[in-house]
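Novice: Take a look at this one; I'll ask things after.
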Ligand code: G3I
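In the working numbering, the protein residues as written are 139 to 477.
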């Protein structure tokens, strides 16, 4: 296993026995291990302290405050304070930042759909939104060299999701967003990001075909974000091959929103399986050279999105509601270290 000079230095200052998630990620040749966060969570002092720990987290993704509802509540009225607060937090800790996200059909500002805009007008709206969002954070994303561009463009069968963007503009709304973002910040790396593309299958094939088409049309795409919202005991057996298939397109890959949920109540057996599942996912990224890093979708069950959406499910993250590490933490370490 090639150990970079940075990693070797880390090991000198951070004894292996106490090495933490980002230390092991860097030793495994990855750019970062990171976590999503939301603005209201930063008021929680013990949470704030752990999120600031760059031995575990060297990268931050704002889970909500850069989305359309938060950044352009009315057409042409851009508000970036929420995203800027999280970028300031990350910069203070010298953590990398992944922007999230230019174009997503969910958490849109209501005016985008209510406007019943025609193709030309909505194309301009998508262009202006993507340009202004990425422009405002110009240089912030270059640390992580990435920003979430377009999220969840596909249905489970690999066809395009019938979003207001797709129905009005067609698939070229994605091209428009990417070109605008590249113009806004030539150094930001631009990703397509989706869920349920963790293993081989029709949705992953849809992403592969899209990336091939975007590259053929000289659309500036740099990476594929595999969200990784998974279920204990059901990590796709083809995850490594799938990440490699994405990388073989000549783009980077990142696991961007990892959490592995279980049906409650928590049991020792479920925690043990969750540990194994985290190890499997991390080991898959480790095995694929162009898999640049892993971001968990927050780090503590206390702030996970899962219970609010999946009734009776939760406990998806490596720390519990009391901010105590779970066996999943060691599963992540094992994924970066065990052969
Ligand atoms: O801000 C309001 C608050 O004012 C209100 O009191 C409260 C109760 O209604 O809702 C708050 O908004 C919530 C928002 O998160 C901010 O906390 C929304 O209800 C809630 O639906 C929203 O959930 C977010 C979810 O996306 C929406 O689909 C999660 O926090 C966020 O983690 C989650 O993240 C997405 C990624 O962006 C894309 N990939 C999937 C992932 C999970 O859905």
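Just so you know, even glycine gets a beta-carbon here, dropped at the ideal spot from N, CA and C. Every value quoted in this text rests on a predicted model; they were computed, and no experiment measured them.
#1: Who pairs with residue 185 in a beta bridge, going by DSSP?
#2: Mind checking who residue 399 pairs with in its DSSP beta bridge?
#3: Cβ-heavy atom distance between residue 201 and ligand 1 below 6 Å?
#4: Once the 5 residues before and after residue 475 are set aside, which same chain residues still bring their CB inside 7 Å of it?
#5: Going by DSSP in three states, residue 342 sits in which element: helix, strand or coil?
#6: For residue 457, does the three-state DSSP call read helix, strand or coil?
#7: Looking at ligand 1, does it come within less than 6 Å of residue 162, judged from the CB to the closest heavy atom?
#8: Just curious, the alpha helix (DSSP H) that residue 200 is in, first and last residue?
#9: How would you call residue 412, buried or exposed, if buried means at least 16 neighbouring beta carbons within 10 angstroms?
#10: Would you mind sorting residue 186 into buried or exposed? The rule is 16 or more other CB atoms within 10 Å of its CB.
#11: Should residue 454 and residue 397 be called a contact, given that it needs their Cβ atoms to be closer than 7 Å?
#12: When DSSP labels each residue in this structure, what does residue 247 get in the three-state scheme?
#13: Report yes if the CB atom of residue 357 is closer than 7 Å to the CB atom of residue 313, and no otherwise.
#14: Rounded to whole angstroms, what is the Cα-Cα separation between residue 351 and residue 363?
#15: Rounded to the nearest angstrom, how far is the Cβ of residue 336 from that of residue 380, given a contact under 8 Å?
#16: Verify the contact flag: residue 244, CB atom, against every heavy atom of ligand 1, threshold strictly below 6 Å.
#17: Are the Cβ atoms of residue 431 and residue 168 separated by less than 7 Å?
#18: Can you grab the Cα-Cα spacing for the pair residue 290 / residue 304, in whole Å?
#19: Taking the continuous alpha helix (DSSP H) assigned at residue 384, which residues delimit it?
#20: List, from N- to C-terminal side, the beta strand (DSSP E) runs of 3 residues or more that fit wholly inside the region 258-339.
#21: Quick one, which of 229, 297 and 415 has its alpha-carbon nearest residue 278's?
#22: In three-state DSSP terms, what is residue 436?
#23: Would you say residue 249 touches ligand 1, meaning its beta carbon is less than 6 Å from a heavy atom?
#24: From which residue to which residue does the alpha helix (DSSP H) around residue 207 run?
#25: Take residue 471 as the anchor and find which of 448, 166 and 147 has the nearest alpha-carbon.
Specialist: Short version:
#1: Its beta-bridge partners do not exist; DSSP assigns none.
#2: 369
#3: yes
#4: 162
#5: helix
#6: strand
#7: no
#8: Counting along the chain, residue 200 falls outside any alpha helix (DSSP H), though it belongs to the beta strand (DSSP E) covering 197-200.
#9: buried
#10: exposed
#11: yes
#12: coil
#13: yes
#14: 17 Å
#15: 7 Å
#16: yes
#17: yes
#18: 12 Å
#19: 377-385
#20: 285-289 and 328-332
#21: 229
#22: coil
#23: no
#24: 206-209
#25: 166
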